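Chemist:
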Amino acid sequence: MAGERQARVADRIRVVLAERLEKGLRDPRLGFVTITDVRVTGDLQRASVFYTVMGDEAHRADTAAALKSATGMLRSEVGKHLNTRLTPSLEFILDAIPENADHISALLREARERDESVAATAASATYAGDADPYVKPREHDEDDDLDTDEDDARA
């Protein structure tokens, strides 16, 4: 039951913050921000807000400073729209999704290149032994006829 309430409160906080940031803040340091996730503690006292910023490291630093200075105003905005006794404190955390996605893409590209090189090597490869390593039935020899005749005579 508590997990469902945490999820509802977190979702509501995410929506309220996204709407407020869409309207804009008066801070020129704020870049193009996307709220990716909100996690609320079990007692609903703290909310961790994960966000991403389009741009380079300077834009990220400026946006972090703008969000830190606007935390009080954003918290009061959240408090107006939440039906809870206490308004959770907000902590803004830069989400590493774009960097992780770039890293995963690079790893996948490297794996694909290695697979292609292995496939090219395998295409020109030859067998180390016989082309068909499976056991074949023996061919019939004259010596085999003599052995079977002697076995039949003994029986």
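Here the working numbering is used: the first residue of the sequence shown is 169, the next is one more, and so on.
Virtual Cβ for every residue (Gly too), placed ideally from N, Cα, C.
All values derive from a computational prediction rather than experimental measurement.
1. For the region 245 to 257 and the region 278 to 294, state whether three or more C-beta atom pairs, one from each stretch, are separated by less than 8 Å.
2. Out of Glu245, Leu193 and Ser285, state which residue places its alpha-carbon closest to the alpha-carbon of Ile181.
3. Just to confirm my understanding: we take Arg173, look at its own chain, exclude 5 residues before and 5 after, and list those with CB closer than 8 Å. What are they?
4. List the whole-angstrom C-beta distance separating Phe218 from Ile261, where the pair is believed to meet the contact cut-off of C-beta under 8 Å.
5. So, is Thr289 buried or exposed, given that buried needs 16 or more other C-beta atoms within 10 angstroms?
6. Return the CA-CA distance between Leu258 and Ala291, expressed in angstroms with no decimal places.
7. Could you give the residue range of the beta strand (DSSP E) that holds Ser257?
8. Alpha helix (DSSP H) containing Ile283: first to last residue?
9. What's the gap between the Cα of Arg188 and the Cα of Gly199?
10. Taking the alpha-carbon positions, what's the His227 to Val286 distance?
Modeler: Judging by the given coordinates:
1. They do not touch, by the three-pair rule.
2. The residue given as residue 181 occupies position 13 in the sequence shown. Per the C-alpha coordinates, the member of Glu245, Leu193 and Ser285 positioned closest to Ile181 is Glu245.
3. Counting from 1 along the sequence shown, the entry for residue 173 is found at position 5. For Arg173, where only same-chain residues beyond five positions count, the Cβ hits under 8 Å are Leu212.
4. Numbered from its first residue, the sequence shown carries residue 218 at position 50. Numbered from its first residue, the sequence shown carries residue 261 at position 93. In this structure, Phe218 and Ile261 form a Cβ contact; the two beta carbons are roughly 5 Å apart against a cut-off of 8 Å.
5. Position 121 of the sequence shown, counted from the start, is the residue given in the question as residue 289. It counts as exposed.
6. Looking up residue 258 in the sequence shown gives position 90. Looking up residue 291 in the sequence shown gives position 123. Straight-line Cα distance between these residues: approximately 58 Å.
7. Taking the first residue of the sequence shown as 1, we reach residue 257 at position 89. Its beta strand (DSSP E) spans residues Ser257 to Leu262.
8. Looking up residue 283 in the sequence shown gives position 115. Reading off the sequence, residue 283 comes out as Asp, not Ile. If you look at Asp283, you'll find it in the alpha helix (DSSP H) that goes Ile265 to Ala291.
9. Within the sequence shown, numbered from 1, the residue matching residue 188 stands at position 20. Within the sequence shown, numbered from 1, the residue matching residue 199 stands at position 31. C-alpha separation (whole angstroms): 14 Å.
10. Working through the sequence shown from its first residue, we reach residue 227 at position 59. Working through the sequence shown from its first residue, we reach residue 286 at position 118. Straight-line Cα distance between these residues: approximately 42 Å.
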